[in-house]
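Visitor:
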Amino acid sequence: MVREHSSLAQFRERLRQSRLDRGWSQADLAKHLADKGFGHIYPTTIAKIENRERTVRIDEAAAIADVLGTSVDALMGRTIDDDAELTYALRGLTSAAKRSAEQVQDIVRAIGQARDDIGAGDFSGRDLLQADVKRALQRLEAAQGALATVGQFERGMKPAPTPGEIGK
């Protein structure tokens, strides 16, 4: 007999134990799975999975984990490295901030160009429009700067000094 991978063995045992901890029979678990759209999993299917007579598909494993209120990782006995998860999330944040900063910079350029295209044209409300455009550009430039700063973040960085701290 081929030796089973320990993650799958853990899954089978933790599935059985989680089911028993809830006081569920294999039929109860199969009914809960059917309620989630997995009507092809019968009590005998659960028994075969638990007894190493049938493998479990990834979609079935996910549904079983959902019904049992846990994760596939937990059923497999895997621990999630919080540091790796945090690093991944931070990388996603900084990447999104960099892209957003570039998009805002493009918007600032487009609005500036459109403003310049108006030139010295004389029309009703021109002064109000110019003031609104100036204010919008200032806010967009501030947002672009903040996004660029977020995009440069690295773990362990010290915060930038505030204007009051500069020169002390």
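The numbering of the sequence shown is full-length UniProt numbering, which starts it at 1 and goes up by one.
Positions of the beta carbon are idealized from the N, C-alpha and C atoms, including for glycine.
Note that the structure is a prediction, hence the values are computed from the model and not measured.
(1) Arg12 and Arg52 - do their beta-carbons sit closer together than 8 Å?
(2) Quick check on Gln105: does DSSP put it in helix, strand or coil?
(3) Name the residue from Ser25, Leu75, Leu147 whose alpha carbon lies nearest to the alpha carbon of Arg99.
(4) For Gln123, which of helix, strand or coil comes out of DSSP?
(5) Let's test the definition: count the other Cβ atoms within 10 Å of the Cβ of Phe153 and tell me whether it reaches 16, buried, or not, exposed.
(6) Find out if the Cβ-Cβ distance for the pair Gly77, Gln10 is shorter than 8 Å.
(7) Please determine if the stretch 13–32 and the stretch 62–69 are in contact, where contact requires at least 3 C-beta pairs separated by less than 8 Å.
(8) Look up Arg54 in the DSSP assignment and say whether it is helix, strand or coil.
Guide: Based on what the coordinates show:
(1) For the pair Arg52 and Arg12, the CB atoms are nearer than the 8 Å cut-off.
(2) Here Gln105 sits in helix by DSSP.
(3) Comparing Cα positions, the closest option is Leu147.
(4) The displayed chain sequence assigns Phe, not Gln, to residue 123. Looking at Phe123 - three-state DSSP - the assignment turns out to be coil, as it is neither helix nor strand.
(5) Answer is exposed; the Cβ neighbour count stays below 16.
(6) Cβ distance < 8 Å, so Gly77 and Gln10 count as in contact.
(7) With a cut-off of 8 Å, the stretch 62–69 and the stretch 13–32 count as touching, because enough Cβ pairs lie within range.
(8) DSSP places Arg54 in coil when its eight states are reduced to three.
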